[in-house]
Amino acid sequence: MTTRAAAPEDYDAVAVLDHLVRRAVSMGASDIHIEPKREGVRVRYRIDGVMTAQGSLPAELAPALVSRAKVLARMDMTERRLPQDGQFALDLAGHPPVHLRASTFPGIHGEKLVMRVLLSQKIITLEKLGLGEKDFDRVQRLADRPSGLILVCGPTGSGKTSTLYAMLKVMNTTELSVVTLEDPIEVEMPEITQGQANPRQGFTFAAGLRSILRQDPDVILVGEMRDPETAQIALQASLTGHLVLSTLHTSDVVETVARLIDLGAESWIVANALLAVVAQRLVRVLCEECAESYDLEEDLVDEEDGIVLIEEGTRLRRNRGCPACHNTGFRGRIGIFEVLEANDDLRELVKARAGKRELRDAVRRSGLLPLRDSGIVKVKAGVTSLEEVLRVT
1 MTTRAAAPED YDAVAVLDHL VRRAVSMGAS DIHIEPKREG VRVRYRIDGV
51 MTAQGSLPAE LAPALVSRAK VLARMDMTER RLPQDGQFAL DLAGHPPVHL
101 RASTFPGIHG EKLVMRVLLS QKIITLEKLG LGEKDFDRVQ RLADRPSGLI
151 LVCGPTGSGK TSTLYAMLKV MNTTELSVVT LEDPIEVEMP EITQGQANPR
201 QGFTFAAGLR SILRQDPDVI LVGEMRDPET AQIALQASLT GHLVLSTLHT
251 SDVVETVARL IDLGAESWIV ANALLAVVAQ RLVRVLCEEC AESYDLEEDL
301 VDEEDGIVLI EEGTRLRRNR GCPACHNTGF RGRIGIFEVL EANDDLRELV
351 KARAGKRELR DAVRRSGLLP LRDSGIVKVK AGVTSLEEVL RVT
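Sequential numbering of the sequence shown, starting at 1, is according to UniProt numbering.
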C-alpha cells in the first residue's frame, strides 16, 4: 500500500482495513502489521517469511483501525493497556470470507495490531515438501512405524506443522485412530479427530494428552512440547504402543535431543522412545520470470570442516525482481531438511547423557545431510539463491 496525499478525514477505517486485508491476500502475505509510530502508521506484510514495507498511513487513523479489528474480533474496546487477541472472518466483495487471528500490543505511540491471515489451506503432500530422495524415503518409512516419538524442529514459521500434516496424510487413517491436540488447528482433516488446546480454560497440552490416551489412539499429534509435563507424557505414550508426533522450537537435531533431556525426561526413556528428529527451514523459491544466472566468483567453504560446498565458477541463479513477484525476486517457499533416525550409537550416547559435541560426532557418522548442505543442493539446482540458504541456516 502506498501513502496517499490526503487529509486524515478522507480515510475510512472500515474501507482501509478491508483494503489492507484484500491486498495481503492477493500478495500471499501471512501476516499484516499495523504499527503506530511518531510520524505515522507503518504498514508491513510478512510475505514468504520476510517482512516487507507497504507504506504508511496518518497517525490519526491508528486508533480507528485497531478499534475496527477489536469490534470484529470481540475484544474489549475500552482496554488499551493490556494485550488482547481474538479471531474474526472478513467478508470482502468478490472474495470468499477471509479468516484472521488478530492481536494487539500496547506501545508508546499506541496499540500495535497484527493480523494473521488464516486462509483455507490444502495439506502439502510429502512429495511437495522439498525432501531429498533419501530423506523422503526415511520420513515415509517413519510414518508407518507403530510406536515411538518423532519430533519436527525449527523456529516459528519454518513449516513444522505442514510436515506433521503431510505425515498424517500418508497414514491409513481408515485402520488407525488418529487424534491431534493443536493450538490453533491450522488445517482441518475430516478423516481424523482434531482437538484445540485452551490453556486459559485449563485444557493444556498436558491435560489434553492425558485425555487422548483414554481415547484408544494409535497415532497422536501434539502441536508442541511446551513444558516438562507434556514431554514426559508424550514419551511414556510412545513407549506404550503409540506413535507420537510433535514439535520443538530448537535449531537442529542435536539441540532437539539435548532439549528433551533438559525438559527433565529420563535419558533412558528418551533413548528408547525417540525414533527420529526432522529439522527444517523454509527458503524462498526464485521467481521464474526474472531469476538471473551468474558464475560463483570464489569457492564456498564450510567454516566448520573446511569442505568446499560449491566450487568457484559454478553457474547459479539469483533473485532480481519483477512485477510478477512484487519485485522481491521470489515466489513461494520450499523446505530444506535434515532427518536423523535414532540408531544404536545415538541411543547409547543419550543414555550416557553425552554432551552436544559427542552427539554431533555421532550425527555426522550417521551420514545425515545437514541443513545447509540440503539447501546447497537446491541452490545448485537453481531452485533458490545462495544468499537465501545462508540467511536461514
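The C-beta atom is built at its ideal place from N, Cα and C for all residues, glycine as well.
If you draw a straight line from the alpha carbon of residue i to that of residue j, how long is it in whole angstroms?
i	j	result
Asp144	Pro184	26 Å
Glu133	Arg281	17 Å
Thr204	Asn198	6 Å
Glu111	Gly241	49 Å
Arg365	Glu341	12 Å
Arg38	Asn319	34 Å
Thr384	Gln232	39 Å
residue 396	Thr180	Residue 396 lies beyond the residue range present for the chain, which begins at 1 and ends at 393; the question has no answer from this structure.
Asp48	Leu286	11 Å
Asp85	Glu35	16 Å
Arg44	Thr328	14 Å
Asn221	Arg81	Before going further, note that residue 221 is Leu rather than Asn in the sequence given. Between Leu221 and Arg81, the C-alpha separation is close to 36 Å.
Leu260	Ser246	12 Å
Gln54	Glu292	26 Å
Thr193	Arg226	21 Å
Leu371	Glu348	24 Å
residue 396	Asp135	With the chain represented from 1 up to 393, any question about residue 396 goes unanswered, as that position is not in the structure.
Asp262	Val71	43 Å
Val339	Gly94	43 Å
Ala6	Ser162	Confidence at Ala6 is low in this model, with a pLDDT of 26, below 50, so the placement of that residue should be treated as unreliable; the coordinate-derived value is given next. Roughly 43 Å separates the two Cα atoms.
Gln87	Met75	9 Å
Ala279	Ile376	16 Å
Val139	Lys351	24 Å
Arg68	Val50	26 Å
Glu224	Arg214	20 Å
Leu164	Val301	33 Å
Met171	Gly40	51 Å
Arg353	Lys160	27 Å
residue 405	Ala273	Only positions 1 to 393 of the chain appear in the structure, and residue 405 is not among them; the question remains open.
Pro190	Phe337	28 Å
Phe356	Leu346	The displayed chain sequence assigns Lys, not Phe, to residue 356. Looking at the two C-alpha atoms, the distance is approximately 11 Å.
Trp268	Gln236	11 Å
Arg391	His19	32 Å
Thr52	Arg46	6 Å
On the three-state DSSP scale, how would you describe residue i?
i	result
Arg53	Note that residue 53 corresponds to Ala in the displayed sequence, not to Arg. Looking at Ala53 - three-state DSSP - the assignment turns out to be strand.
Glu35	strand
residue 394	Residue numbering for the chain in the displayed model covers 1 to 393; residue 394 lies beyond these limits and cannot be assessed.
Glu297	coil
Val383	coil
Cys325	helix
Arg42	strand
Glu311	coil
Arg320	coil
Glu341	strand
Ile261	helix
Leu243	strand
Gly110	strand
Gly148	strand
Asp373	helix
residue 434	Outside the displayed span of the chain (1 to 393) sits residue 434, for which this structure offers no information.
Asp76	coil
Ala231	helix
Glu9	No answer about Glu9 holds up, because its pLDDT of 47 lies below 50 and its placement is not dependable.
Asp302	coil
Arg365	helix
Closer than 8 Å by C-beta to residue i: which residues in its own chain qualify, once you throw out the five before and the five after it? Chain order, please.
i	result
Val21	Ile32, Leu90, Leu92, Val98, Leu100, Met115 and Val117
Ile334	Leu129, Gly130, Leu282, Val283, Val285, Lys378, Val383 and Thr384
Ala324	Cys287, Glu289, Cys290 and Arg331
Would you list the one or two residues that DSSP bridges to residue i?
i	result
Val270	Beta-bridge pairing links Val270 to no other residue.
Ile123	BP columns for Ile123 are empty, so no partner.
Val283	Ile334
Met115	Ile32 and Ala102
Ala95	Correcting the residue identity first, residue 95 is His in this sequence and not Ala. Per DSSP, Leu92.
Val66	DSSP lists no partner for Val66.
Cys153	Leu248 and Ala279
Asp85	Ser103
Glu292	Arg318
Ile47	Ala29 and Val50
Can you list, in chain order, the residues of its chain whose CB lies under 7 Å from that of residue i, leaving out five sequence neighbours each side?
i	result
Leu296	Ile310, Glu312, Gly313, Thr314 and Leu316
Phe330	Asp48, Arg284, Val285, Leu286, Cys287 and Asn319
Arg4	The predicted position of Arg4 is uncertain, since its pLDDT is 43 and thus under 50; no value can be drawn from it.
Ser147	Ser238, Gly241, His242 and Leu243
Val66	Thr104, Glu111 and Leu113
Ala265	Ala231, Gln232 and Leu235
Closer than 6 Å by C-beta to residue i: which residues in its own chain qualify, once you throw out the five before and the five after it? Chain order, please.
i	result
Gln121	Val187
Asp12	none
Thr250	Cys153, Thr256 and Arg259
Does any heavy atom of the ligand COA sit closer than 8 Å to the C-beta of residue i?
i	result
Ala362	The ligand COA is absent from the structure shown, which contains no ligands of any kind.
At 3 residues or longer, and completely inside the segment 170-223: list those beta strand (DSSP E) runs for me, N to C. 178-182, 193-196 and 219-222
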